[in-house]
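Written out below as structure tokens is the structure these notes cover.
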Amino acid sequence: MDTYKIERLFHLLMERLDRHEKMLDDLLYRSQRQAAGQEEGTECKLYNGERLYDNQDLCLMLQVSKRSLQRYRTLGILPYLMLRQKTYYKESDVEKFLAEHIDCFQKEKMADYKARIR
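Structural data, given as structure tokens:
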């Protein structure tokens with residue numbers, strides 16, 4: 001092999017290693033954000049230091065429709081907040097709702113419910 005081919009192969013190898021390094025950096029960044037409790041593309045919303053869930057989060061967590069959430073709000077069994085025309089639910093209110101209205105709810109398994117929204 002002549003030196004030109006060797007240099008070309010070395011250059012291609014370095015480009016590939018650079019791409020892999022960038023991918024690994026991106027993966028590390030995503031995993032650190034996820035470990036910090038932030039979903040990809042959004043930030044964890046807080047209200048007075050307490051996590052807030054929106055309708056979509058709660059629908060995924062509880063596996064119910066938006067209409068069911070509206071019914072729970074209307075009946076007064078699920079407290080909510082309206083911030084900038086959007087409905088939010090405090091984490092403590094959601095835990096209380098689950099404890100009162102779901103027979104098999106265990107607070108230790110709250111992570112299982114939360115895992116559905118990530």
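Taking full-length UniProt numbering, the leading residue of the sequence shown gets 1, the next gets one more, and so forth. Even for Gly, the Cβ is constructed at its ideal location relative to N, Cα and C. Keep in mind that this is a model prediction, so the values were computed, not measured.
- Straight through space, the alpha carbons of Leu13 and Arg51 are spaced by roughly 46 angstroms.
- Judged by DSSP in its simplified three-state form, Leu81 adopts strand.
- In the three-state reduction of the DSSP assignment, Asp54 falls in the strand class.
- Ranked by Cα distance from Val94, the first of Leu83, Thr3 and Tyr72 is Tyr72.
- Under the 10 Å beta carbon count, Leu75 is surrounded by fewer than 16 other beta carbons and is classified as exposed.
- Annotated as proximal: Cys59 and Leu69, with beta-carbon spacing under 8 angstroms.
- Secondary structure at Lys90: strand, using DSSP grouped into helix, strand and coil.
- Around the C-beta of Leu98, 16 or more other C-beta atoms lie within 10 Å, and the residue is accordingly described as buried.
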